[in-house]
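Reviewing the structure listed below.
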Amino acid sequence: MIIVIALAVLPALILLYYANTQDKLQREPTNNLVKAFFYGGASVFASLLISVPFMKMGLFPQEIHSYLDAFRTAFLGAAIPEETAKLVLLWLFLRKCKDFDERMDGIVYAVCIGMGFASFENIEYLFAAGSDWVTVGLGRSLTAIPGHFGFAVVMGYYFSLNHFDRYRAPGAGLKMWLYPVLLHGVYDWVAMSQEVNPELGGVIGLVILLFCFWMLKGAQKKMKTHLLADSVHMGGIDEQ
2 MIIVIALAVL PALILLYYAN TQDKLQREPT NNLVKAFFYG GASVFASLLI SVPFMKMGLF
62 PQEIHSYLDA FRTAFLGAAI PEETAKLVLL WLFLRKCKDF DERMDGIVYA VCIGMGFASF
122 ENIEYLFAAG SDWVTVGLGR SLTAIPGHFG FAVVMGYYFS LNHFDRYRAP GAGLKMWLYP
182 VLLHGVYDWV AMSQEVNPEL GGVIGLVILL FCFWMLKGAQ KKMKTHLLAD SVHMGGIDEQ
C-alpha cells in the first residue's frame, strides 16, 4: 500500500520541488507549500460538486462510444470541473496569503494545488488498477502528472498577471481559467479518443507525450518571464 502511494505521489512532488527551485529570488515557506498541496487534494472532491451534477443532467456520457462523447466527457466531465475547482481553491488559499508578494509565487502555489490534485487523483487510479498499478503509475508519471503541472503553471502565470499587472493584462482574469480548461480539455479529448479507436493507441500515446513536452517547455518560459519581472521589480527598475 505504501509503495503504491509513493509511486502515485512521488512524480508530483518532484515537479513541485522543481517549480519551487525556480523561485530563485525568495522561496516560499514550507508550511505554505504543504498547506497548498492539501488544498489541491481538496479540489479533487470539490470538482465532483460540478462533474456529478453535469453527469446527472446528461451533459456527458458515462461510456464513450464516439469522438463527440470523448469531447463532451473531456471538457464537461474533467477539464471544466477540475480546473474550476483548482482555481477556486487557489483563490481561497492566496486571498489572505501574506507571502504572495511576487509574480513567481502565483505559479509556485498553483503548482502546489495542481500537484496536490494530481497526487490524490493518481492514488485513486493506481488502487483501481489492481495488479496493473505499476504500469498505470509509470504511464501517468509521463503523461497525466506533467499534464497537470502544465495546466497549473498556466493558471498561476495568469493568476499573478491578474493580481500584479491587471492594468497591463486586462484579460488575465479570464485566461487564468480559460487557458487551463482548453489545454486540459484537448489533452483529455485526445486521450479519451483511444476508447473510440483502440487501434490508434500508439499514435495517441505519442501525441500525448509530445503535447506534455510542449506544455513543459511553455511552462519553463512562463516561469522565466515572471522571474525576470520579479527581478526587475525588486531591483527598483521602472518596468516601463
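All the letters of the sequence shown, read from the start, carry residue numbers 2 to 241 under this note's numbering. Quick reminder that beta carbons are idealized off the backbone N, C-alpha and C, glycines included.
With a threshold of 16 other CB atoms inside 10 Å of the CB of G117, please say whether the residue is buried or exposed.
-> The residue in question, G117, is buried, as its Cβ has 16 or more Cβ neighbours within 10 Å.
Is it true that the CB of L210 sits closer than 8 angstroms to the CB of T144?
-> Closer than 8 angstroms, so yes.
Can you check whether the CB of W190 is closer than 8 angstroms to the CB of A71?
-> A contact, by the Cβ cut-off of 8 angstroms.
What's the call for R96, buried or exposed, on a 16-neighbour Cβ count within 10 Å?
-> Per the 10 Å Cβ criterion, exposed.
Starting from M224, trace the alpha helix (DSSP H) both ways and give me its first and last residue.
-> Start and end: 202-235.
Where the alpha helix (DSSP H) through P82 begins and ends | Run containing P82: 81-95, per the alpha helix (DSSP H) assignment.
Rounded to whole angstroms, what's the CA-CA distance from P181 to K222? Just pull it up for me.
-> Answer to the nearest angstrom: the Cα atoms are 16 angstroms apart.
As assigned by DSSP and simplified to three states, the class of G172 = G172 sits in coil when the DSSP states are folded into three classes, being neither helix nor strand.
Run the CB neighbour count on D102, radius 10 Å, all protein chains shown included, and call it buried at 16 or more, exposed below.
-> With fewer than 16 other Cβ atoms from the protein chains shown falling within 10 Å of its own Cβ, D102 counts as exposed.
G127, buried or exposed, once every other Cβ within 10 Å from all chains shown has been counted against 16 | One point to set straight first is that residue 127 is Leu, not Gly, in the sequence displayed. Here L127 is buried, its C-beta having at least 16 other C-beta atoms within 10 Å.
Are the segment 17-25 and the segment 49-68 in contact at 8 angstroms, needing three or more beta carbon pairs?
-> No, the segment 17-25 does not touch the segment 49-68.
When burial is assigned at 16 or more other CB atoms within 10 Å of the CB, is L207 buried or exposed?
-> The residue in question, L207, is exposed, as its Cβ has fewer than 16 Cβ neighbours within 10 Å.
Boundaries of the alpha helix (DSSP H) in which G117 is found, first to last residue = If you look at G117, you'll find it in the alpha helix (DSSP H) that goes 104-129.
Just checking my contact of F150 with G115 at CB under 8 angstroms: how many whole Å lie between their CB atoms?
-> That pair is a contact at about 6 angstroms.
Closest by CA to I6, which one among A111, Q63, L183, G131?
-> Measuring from the Cα of I6, the nearest candidate turns out to be G131.
Beta-carbon proximity list for V154, same chain, < 6 angstroms, skipping 5 on both sides = Excluding sequence neighbours, V154 sits near I108, A220, K223.
For the alpha helix (DSSP H) containing I146, list its first residue and its last residue.
-> It spans 145-165 - the alpha helix (DSSP H) in which I146 sits, taken as one unbroken run.
contact_flag[the segment 154-173, the segment 31-42] where n(CB pairs < 8 angstroms) is 3 or more = Touching, no, given that fewer than three Cβ pairs across the two stretches are closer than 8 angstroms.
In or out: N123 buried (at least 16 other Cβ within 10 Å) or exposed?
-> When all chains shown are included, N123 counts as buried.
Sort R141, S44, A230, I65 by Cα distance to E84 and report the nearest one.
-> Measuring C-alpha to C-alpha distances from E84 to each of R141, S44, A230, I65 identifies S44 as the nearest.
Rounded to a whole number of angstroms, what is the C-alpha to C-alpha distance between C113 and G148?
-> Whole-angstrom Cα-Cα distance: 14 angstroms.
Output yes or no for whether 8 angstroms exceeds the beta carbon distance between T74 and I81.
-> Going by C-beta atoms, T74 is not nearer than 8 angstroms to I81.
Mind checking whether Y18 and S194 have CB atoms under 8 angstroms apart?
-> No, Cβ-Cβ distance for Y18 and S194 is not below 8 angstroms.
Please go through the same chain and pick out, in chain order, the residues whose beta-carbon is closer than 6 angstroms to the beta-carbon of A170, but skip the five residues on each side of it.
-> Apart from sequence neighbours up to five positions away, the residues of its chain that approach A170 with a beta-carbon distance below 6 angstroms are L162, ordered along the chain.
Give the DSSP-derived three-state secondary structure of K25 in the structure shown.
-> In the three-state reduction of the DSSP assignment, K25 falls in the coil class, being assigned neither a helical nor a strand state.
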